[in-house]
């Protein structure tokens, strides 16, 4: 009876609880309400910017850093919000914390939920803490597994992981343009957030039938923008009669040519900083500039106040040519300033900095880097991305001379720097007060760096420096983790004696059409009546040559070239287009001769039976055997486009040596012939080096040889007599 009363009382209590709270709780927690995004708001996760695995903080003072890039045309007036998702070791004590540092400033510290499950916290970041190029986030841990005064700092139980789903929500606005030719590449080439926010297009507006002068000027400008911005932008081309600003409202627009050949420019000439008055451009003094002078102008786009319009023009073709030459030379391009500049003779110049890869020695500073301070305990990875000089084969004796500074608080037992290039180990050095040389020369494994294990020639150098910062522990002394630092200096130097790739070889591309230590004359030849798409391809190839080549440009982008043109004798040649649309390309194929087919076929050009396929062929130029010709073509425009895309998509375009490659309709490139033709004879620039010791005079060498020979003869006679004397004495003793 008592048992029934007990059960009844439990049921009554349960029914009362249900009546009060309305039902049993769900087994799964209710999802967090999604916040309605504001207009223009963007959310980017760590996974989107390349951090696809959880980031681990290890040790008592574990730290990890991430970089979230922003578009260079963004500005911020409202705060960002960081949705930090983490999980922590279940052995951490309640006193453990995690601090978030944004662009070097502490933005928040949180206590950790130490249960090894994922948790998310929201952290606001002030708008004025968001940098122009991006946001550097550093997560600094204080991870304790005991409450003792003294605790080991590298216990494996001291860990926190940051999830790839960690997200940053931002509300960018477009930066107000301030036209200045001195910042031309920075303002025109928008970059920095390609993973989640595509950049505005760069649109070239050219006359309907562009002259070689106009094409070359556009090519030089494309190459200079690529070189100055250290990237390969995507270009669009619109011919003048088809241009309507309403069709490209978000574009950066570039006009190349005289106003009389560009209707929009002629109609809107009065809006320009240096107005067009029908017969010429008017300078700041109100005078019409001479017809042969060029003009370069930068202004805000009338149809979009957040975009630019660049005008490279002149009243005549001579004026356009002079304006274009400003972009062909680095020292004249560096002299540009203001909203407009007239170009006459002589061109204004600024002394350039020494270009990289022009000698055997190149510093990180020449490659655009500055000193980097790696702060915090634990292991850090710093990455440096460089373009490899085309055509160089690094020789024995090549070195990377690492220069660095370290904190005196580091322990030399554990602190170190390890260098990798393209994931190939180069060397390690221990750091700290016991190893204070601050410089280390690593011999480069040139065989692995010239070609990877698959035989490919890398076009880029990815230098990874793994830095281990560890503090000394003495009698439970507490040292702030920021006392652990290493500075990787920008005067770290590549010393790379080198030779050049043998030719013809597609795997050496873009050598010999550009070099970093000399200006190579090169003709990029379009079909005679190029359409907008073909000009786009020419500009893309121009940008690639600018990116890899000498600071001063030696190529010309042209279309009106006949087989007897004297320029063909002086220059390397790149011809691209469909065979039937390009008479000069057909003439080059005839002069270069047939290439044997596979197993007795009529010739490898049978491969072009598929209209979607293209061919790449390189060999001695038919106009000058000491120059090189590269043909990128197909039986149709689609095949020709695929061939040129192969050149642009991957540098070099093939994964093995060869002079002829088939580009299939799926984009795959396959070498189908290796040339046995004689390599063109080049005279590369040889840098004379001073010998380590003075060279001896000839008479000194002869005298030394005579003395050494005499000493050798004397030694033979002396020791021979002693040996025979001892032998005779031994024989006499035997007889006795």
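Residue numbers (the working numbering): 680 to 1415. Where is the CB? At the ideal position from N, CA and C, for every residue including glycine. Just so it is clear, the structure is predicted and the values come from calculations on it, not from any experiment.
- Within this structure, are the beta carbons of residue 919 and residue 942 separated by less than 7 Å? yes
- Message: Just to confirm my understanding: we take residue 1032, look at its own chain, exclude 5 residues before and 5 after, and list those with CB closer than 8 Å. What are they?
- Response: Within the same chain, residue 1032 has close Cβ partners 1045.
- Query: Which partner residues of residue 1122 appear in the DSSP bridge assignment?
  - Reply: Partner(s): 1078.
- Extent of the continuous beta strand (DSSP E) to which residue 1073 belongs: Here the beta strand (DSSP E) through residue 1073 covers 1071-1073.
- With 16 other CB atoms within 10 Å as the buried threshold, where does residue 1064 fall? exposed
- Close Cβ partners of residue 1006 (< 7 Å) along its chain, the five nearest in sequence each way excluded: 899, 900, 903, 1012
- residue 882 and residue 930 closer than 7 Å at C-beta: Yes, Cβ-Cβ distance for residue 882 and residue 930 is below 7 Å.
- Item | Residue ranges of each beta strand (DSSP E) within the stretch 957-990, 3 or longer | 973-980
- Answer with yes or no whether the minimum CB distance from residue 1312 to chain D is below 7 Å. This model lacks chain D altogether, as it is built from one protein chain only.
- Message: So, under 8 Å CB-CB, residue 1027 and residue 1014 are touching, yes? Tell me the CB distance rounded to an integer number of Å.
- Response: 4 Å
- Task: Quick one: using the 10 Å Cβ neighbour count with 16 as the cut-off for buried, is residue 1238 buried or exposed?
- Result: By the neighbour-count definition (other C-beta atoms within 10 Å, threshold 16), residue 1238 is a buried residue.
- Item | Touching by the beta-carbon criterion (3+ pairs, under 8 Å), the stretch 832-842 and the stretch 873-892 | Flag = no, the stretch 832-842 and the stretch 873-892 do not touch.
- Query: Is the beta carbon of residue 1082 less than 7 Å from the beta carbon of residue 1118?
  - Reply: yes
- Identify which residue in 1343, 1298, 1208, 1337 has its Cα closest to the Cα of residue 887. In terms of Cα proximity to residue 887, the closest of 1343, 1298, 1208, 1337 is 1208.
- Query: Which residue's Cα is closest to the Cα of residue 880: 867, 770, 909?
  - Reply: 867
- Query: What residue from 1273, 734, 1037, 1103 has the CA that sits closest to residue 1059's CA?
  - Reply: 734
- Starting from the C-beta of residue 968, find all residues in its chain whose C-beta is less than 6 Å away, skip the five residues before and the five after it, and write them out in chain order. 959, 960, 962, 1021
- Could you tell me if the beta carbon of residue 1256 falls within a distance shorter than 6 Å of some heavy atom in the ligand GDP? With respect to the ligand GDP, the structure shown offers nothing to examine, as it has no ligands at all.
- Item | Endpoints, beta strand (DSSP E) assigned at residue 866 | Careful: residue 866 lies outside any beta strand (DSSP E), inside the alpha helix (DSSP H) at 863-867.
- Query: By Cβ distance, which residues of its chain are closer than 6 Å to residue 1297, with the 5 residues on each side in sequence left out?
  - Reply: Short of 6 Å from the beta carbon of residue 1297, and not among the five residues preceding or following it, lie these beta carbons of its own chain, in chain order: 1183, 1185, 1309, 1338.
- The alpha helix (DSSP H) spanning residue 1064 covers which residue range? Run containing residue 1064: none in the alpha helix (DSSP H); it sits in the beta strand (DSSP E), 1057-1066.
- Query: So, do the stretch 1225-1239 and the stretch 903-912 have three or more beta carbon pairs nearer to each other than 8 Å?
  - Reply: yes
- Per-residue DSSP class, three states only, for residue 1274: In the three-state reduction of the DSSP assignment, residue 1274 falls in the coil class, being assigned neither a helical nor a strand state.
- Query: Relative to the C-alpha of residue 745, which residue among 1256, 761, 755 is closest?
  - Reply: 761
- Item | CA-to-CA distance, residue 1137 to residue 1345, given in whole angstroms | 23 Å
- Element boundaries [alpha helix (DSSP H), containing residue 899]: 891-908
- Of all the beta strand (DSSP E) runs that stay within the bounds of the stretch 802-837, which reach a length of 3 or more residues? 813-821
- Query: Enumerated in chain order, which unbroken segments of the beta strand (DSSP E) with a length of 3 residues or greater are wholly contained in the stretch 1157-1238?
  - Reply: 1164-1167, 1172-1174, 1177-1179, 1201-1204, 1234-1237
- Item | Through-space distance from residue 1335 to residue 1133, alpha-carbon basis | 9 Å
- Euclidean distance between Cα positions of residue 1254 and residue 1243: 15 Å
- Message: On the criterion of 16 or more Cβ atoms from any shown chain inside 10 Å, does residue 828 qualify as buried, or is it exposed?
- Response: Classification of residue 828: exposed, given that the 10 Å Cβ count is below 16.
- Item | For residue 1251, the nearest candidate out of 1221, 1272, 1303, 787 (CA to CA) | When each option's Cα is compared against that of residue 1251, the closest is 1303.
- Do the stretch 836-853 and the stretch 719-737 touch if we need at least three Cβ pairs shorter than 8 Å? By the C-beta criterion, the stretch 836-853 is judged to be in contact with the stretch 719-737, since at least 3 inter-stretch pairs fall below 8 Å.
- State the beta-bridge partners of residue 938 as determined by DSSP. Note: residue 938 sits in no beta bridge, so no partner.
- Kindly identify the DSSP beta-bridge partner or partners of residue 1308. 1252, 1298
- Task: Measure the alpha-carbon distance for residue 1158 versus residue 819 and round it to whole angstroms.
- Result: Each residue's Cα considered, the two are about 15 Å apart.
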